[in-house]
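In the numbering used here, the protein residues as written are 1 to 324.
Heads up: the structure comes next, in structure tokens.
The structure is reproduced here in structure tokens:
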């Protein structure tokens, strides 16, 4: 990574604005979702997209990857998918008389793990370990993954049959869980209009956005995110947020120190997306639900009473004093 260029602040913002514009032209009415996806990538994490079929999850991932000039691979997770189908395997070459490594889909730059909760835990674990360690172990050999490796996993929150829900420990591997609902007001009619005119993006690869940058500059964006300034009082605010969640009577298990750091890194990336080189309290507040919602374990009593992780976090955000 020593070849990663250091970009001036003006160029960083120019790239981010171009990516948002290019993807926003293809995926209509999903501005907040796109910004959250940008933040997950810039922070060096991974994203879990939740939404019903047909809202554009696959299109968003493809367009985002294309705009950054990164290789994109989509893998459909099914009940019969094996770890070797994700990571790869060694195959015996009869002509050479030796084993030959066949690399799996994980050896890409942007991997879309479609319907990740439809595959058994053993296969889920193989991918999630690769996400955490950024390496893949195949028959005792450990191979590094691409430096830009970014997973966008999807799941349908309304399906309960034939699924294998991700346990809390594995959900923790995702920096953000992003709810992708229906397009924003007015955008859906424009989608219809483009479909009638035959100009709706998504039917073929030719309509995907042209790359704004290449892999090296994409890596430089991540470096710029790590350089975003954080005031000391923001660290105290972060700790008070985490403590308030952990001590909530509705929470069995709150965010760990790693979970708190995840919110901090997501906040730095979100500030960069907004064109700032410093973090504001609002950056942390608005990311509480996508960053910590999947890291909470509520008490049985709280669930029986109808409490949700979102509700607990929104109450905490409203009750913890914001630094001035």
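Where is the CB? At the ideal position from N, CA and C, for every residue including glycine.
- Residue burial annotation: residue 173 is buried, with at least 16 other C-beta atoms found within 10 angstroms of its C-beta.
- By the C-beta density criterion, residue 265 is buried, having at least 16 other C-beta atoms within 10 angstroms.
- With a beta-carbon spacing of about 6 angstroms, residue 312 and residue 248 fall inside the 8 angstroms limit used to define contacts.
- The beta carbons of residue 67 and residue 211 sit closer together than 9 angstroms.
- At a cut-off of 3 residues, the continuous stretches assigned as beta strand (DSSP E) that sit fully inside the segment 195–269 are 251–253.
- Looking at the DSSP output, residue 93 sits in a beta bridge with 98.
- Linking residue 179 to residue 137 through their CA atoms gives a straight-line distance of about 32 angstroms.
- In this structure residue 272 is in contact with residue 225, their Cβ atoms being roughly 5 angstroms apart against a cut-off of 8 angstroms.
- Scanning the segment 40–80 for uninterrupted beta strand (DSSP E) segments of 3 residues or longer gives 47–50, 72–76, listed from N- to C-terminal end.
- C-alpha of residue 97 to C-alpha of residue 293: approximately 52 angstroms in a straight line.
- Secondary-structure assignment with DSSP links residue 144 through a beta bridge to 135.
- Of all C-beta pairs linking the segment 279–286 to the segment 153–167, fewer than three are shorter than 8 angstroms, placing the two stretches out of contact.
- Residue 295 carries a helical assignment under DSSP once its states are collapsed to helix, strand and coil.
- Ranked by Cα distance from residue 289, the options 306, 241, 127 are led by 241.
- For residue 87, the enclosing alpha helix (DSSP H) begins and ends at 83–87.
- The segment 158–200 is shown to contain whole alpha helix (DSSP H) runs of 4 or more residues at 168–171, 187–197, in chain order.
- Residue 127 is not a Cβ neighbour of residue 135, given a cutoff of 9 angstroms.
- Contact between residue 148 and residue 209 does not hold, since the beta-carbon distance rounds to 17 angstroms and is not under 8 angstroms.
- Under the 10 Å beta carbon count, residue 21 is surrounded by fewer than 16 other beta carbons and is classified as exposed.
- Taking a 10 Å sphere around the C-beta of residue 170, we find 16 or more other C-beta atoms and assign the residue as buried.
- Going by DSSP, residue 318 is part of the alpha helix (DSSP H) stretching over 309–319.
- CA-CA distance, residue 60 to residue 90, rounds to 33 angstroms.
- Residue range 110–114 is occupied by the beta strand (DSSP E) that includes residue 114.
- The Cβ-Cβ distance between residue 114 and residue 177 does not fall below 9 angstroms.
- In the three-state scheme derived from DSSP, where H, G and I count as helix and E and B as strand, residue 124 is classed as helix.
- Per DSSP, the continuous beta strand (DSSP E) segment holding residue 155 begins and ends at 150–155.
- Residue 165 is positioned such that its CB atom lies closer than 9 angstroms to that of residue 117.
- For residue 282, the uninterrupted alpha helix (DSSP H) run begins and ends at 281–286, by DSSP.
- Of the residues 230, 252, 254, the one whose Cα lies closest to the Cα of residue 270 is 230.
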